[in-house]
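**Q** Numbers 1 to 307, taken from the UniProt record's numbering, label the letters of the sequence shown in order.
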Amino acid sequence: MKRNIQIIEWEDLDKRKFYSLGVFMTMTTRAAVYPFTLIRTRLQVQKGKSLYNGTFDAFWKILKAEGTRGLYRGFMVNTFTLISGQAYVTTYELVRKYVSCYSSNNTIKSLVAGGAASLVAQSITVPIDVVSQQLMVQGQGCQLTRFKLKPRKVTFGQTRDIVVQIFHADGFRGFYRGYVASLLTYIPNSAIWWPFYHFYAERLSRLAPVDCPHLLLQAVAGPMAAATASTLTNPMDVVRARVQVEGRSSVMETFKQLLAEEGVWGLTKGLSARIISSLPTSVMIVIGYETLKRLSLRPELVDSRHW
1 MKRNIQIIEW EDLDKRKFYS LGVFMTMTTR AAVYPFTLIR TRLQVQKGKS
51 LYNGTFDAFW KILKAEGTRG LYRGFMVNTF TLISGQAYVT TYELVRKYVS
101 CYSSNNTIKS LVAGGAASLV AQSITVPIDV VSQQLMVQGQ GCQLTRFKLK
151 PRKVTFGQTR DIVVQIFHAD GFRGFYRGYV ASLLTYIPNS AIWWPFYHFY
201 AERLSRLAPV DCPHLLLQAV AGPMAAATAS TLTNPMDVVR ARVQVEGRSS
251 VMETFKQLLA EEGVWGLTKG LSARIISSLP TSVMIVIGYE TLKRLSLRPE
301 LVDSRHW
């Protein structure tokens, strides 16, 4: 028996509930997966295997040398991406609503809305990423960056130190270094993730028993979509990380140098860490986001929806 996954649209939501609960959900998710985001960045910018042999080798080396705090370098400044997270969700839902006036095809709506949402979010996120990534590669991986921290500074002291160094070295443009690479990474990633998420959810709904909860199917579809999107966009993510951390100006030259120095396998650097971080992120986002939307349904619609 065929079942359709019910999609809660923007006009169905109580916006006040949606935003207040959304901030808590986003913060919890980011805190849970941040160590693997840090590991991914260090793996992507290291030369060959000069520091780490892989994701788990990096995890244990950082933990041993720098402690738990080492896995959360740059986390405080990274929390400002909560702003871009809310901008992403709002743009996604509004663009879906707009595109629905011209097409009822869910894949088209998801693809266009996902790409547009990523464009808006990255415009806010890139300066935060540039600073947080410089903090991520300090400590054991301090040779990976042009900038050095002064010892024994508190977190926001370190952040101020990095901000000043970036501005002195590159001016305001330095905070948007890698912007094009970020767009080339995250717009396709977002545009791919949403259609694949809905695709996998629908396929799973046809295979699963009738009494299988929709939320469980969605929780499985999310990681499947994340693995697909991460694999397809990882080469550009490696280039993006190197442009932002090493201070390069050319995406194409960075890409060519990476291929020349490390071959095709260099384009897969950090992929396992990226997938490992994206899988729980996707589960938490899907469960959290879908639950959030259900909790945020306008009161008059609650009784009309059945899961």
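Note that the Cβ used here is the ideal one computed from N, Cα and C, for glycine as well.
State the Cα-Cα distance for the pair residue 266 and residue 210, rounded to the nearest angstrom.
**A** 45 angstroms
**Q** Below 8 angstroms, can you find three or more Cβ-Cβ pairs linking the region 156-174 to the region 225-233?
**A** no
**Q** Between the alpha carbons of residue 242 and residue 51, how many angstroms are there, rounded?
**A** 16 angstroms
**Q** Please work out which residues of its chain come closer than 6 angstroms, Cβ to Cβ, to residue 174, disregarding the five sequence neighbours upstream and downstream, and give them in chain order.
**A** 166
**Q** Give every residue of the same chain whose Cβ lies closer than 6 angstroms to the Cβ of residue 282, excluding the five residues on either side of it in the sequence, and list them in chain order.
**A** 222, 223, 226
**Q** For the alpha helix (DSSP H) containing residue 60, list its first residue and its last residue.
**A** Here the alpha helix (DSSP H) through residue 60 covers 55-70.
**Q** Under the DSSP definition of a beta bridge, which residues are partnered with residue 13?
**A** Looking at the DSSP assignment, residue 13 forms a beta bridge with 297.
**Q** In terms of residues, what are the limits of the alpha helix (DSSP H) holding residue 129?
**A** Run containing residue 129: 106-136, per the alpha helix (DSSP H) assignment.
**Q** I'd like to know if the region 182-195 and the region 256-263 are in contact, where contact means that at least 3 CB-CB pairs between them fall below 8 angstroms.
**A** no
**Q** Grab me the residues of residue 124's own chain with a C-beta within less than 7 angstroms of its C-beta, minus the 5 sequence neighbours each way, in chain order.
**A** 83, 84, 87
**Q** For residue 336, does the count of other Cβ atoms within 10 angstroms reach 16, so buried, or fall short, so exposed?
**A** Residue 336 is absent from the model: the chain starts at 1 and stops at 307.
**Q** By Cβ distance below 7 angstroms, which residues in the same chain neighbour residue 208 in space, the five residues on each side in sequence not counted?
**A** 217
**Q** Using the Cβ count rule (16 or more neighbours within 10 Å means buried), how would you classify residue 15?
**A** exposed
**Q** Look up residue 148 in the DSSP assignment and say whether it is helix, strand or coil.
**A** DSSP, reduced to helix, strand and coil, places residue 148 outside both helices and strands of the structure shown, so it counts as coil.
**Q** Candidates 215, 284, 269: which alpha carbon is nearest residue 294's?
**A** 215
**Q** Under three-state DSSP, which class holds residue 46?
**A** coil
**Q** Counting only beta-carbon atoms, is residue 55 nearer than 7 angstroms to chain D?
**A** Considering every chain present, this structure includes no chain D. It has just one protein chain.
**Q** If you measure between the beta carbons of residue 180 and residue 251, is that distance less than 7 angstroms?
**A** yes
**Q** Roughly how many angstroms lie between the CA atoms of residue 292 and residue 298, to the nearest whole one?
**A** About 12 angstroms.
**Q** So, are the CB atoms of residue 190 and residue 263 less than 7 angstroms apart?
**A** no
**Q** Under 6 angstroms Cβ to Cβ from residue 355, same chain only, skipping five residues before and after it: list those, please.
**A** Because residue 355 is not part of the residues shown, which for the chain are 1 to 307, the question remains open.
**Q** Assign residue 261 to one of two classes, buried (16 or more other C-beta atoms within 10 Å of its C-beta) or exposed (fewer than that).
**A** exposed
**Q** Mark residue 42 as exposed unless 16 or more other C-beta atoms lie within 10 angstroms of its C-beta, in which case mark it buried.
**A** buried
**Q** For the alpha helix (DSSP H) containing residue 197, list its first residue and its last residue.
**A** 179-207
**Q** Count the other CB atoms within 10 Å of the CB of residue 13; is the residue buried (16 or more) or exposed (fewer)?
**A** buried
**Q** Just tell me which of 110, 278, 192 has its CA closest to the CA of residue 314.
**A** No answer is possible for residue 314: it lies beyond the span of the chain, which begins at 1 and ends at 307.
**Q** Starting from the C-beta of residue 277, find all residues in its chain whose C-beta is less than 7 angstroms away, skip the five residues before and the five after it, and write them out in chain order.
**A** The answer, listed in chain order, is 33, 36, 37, 40.
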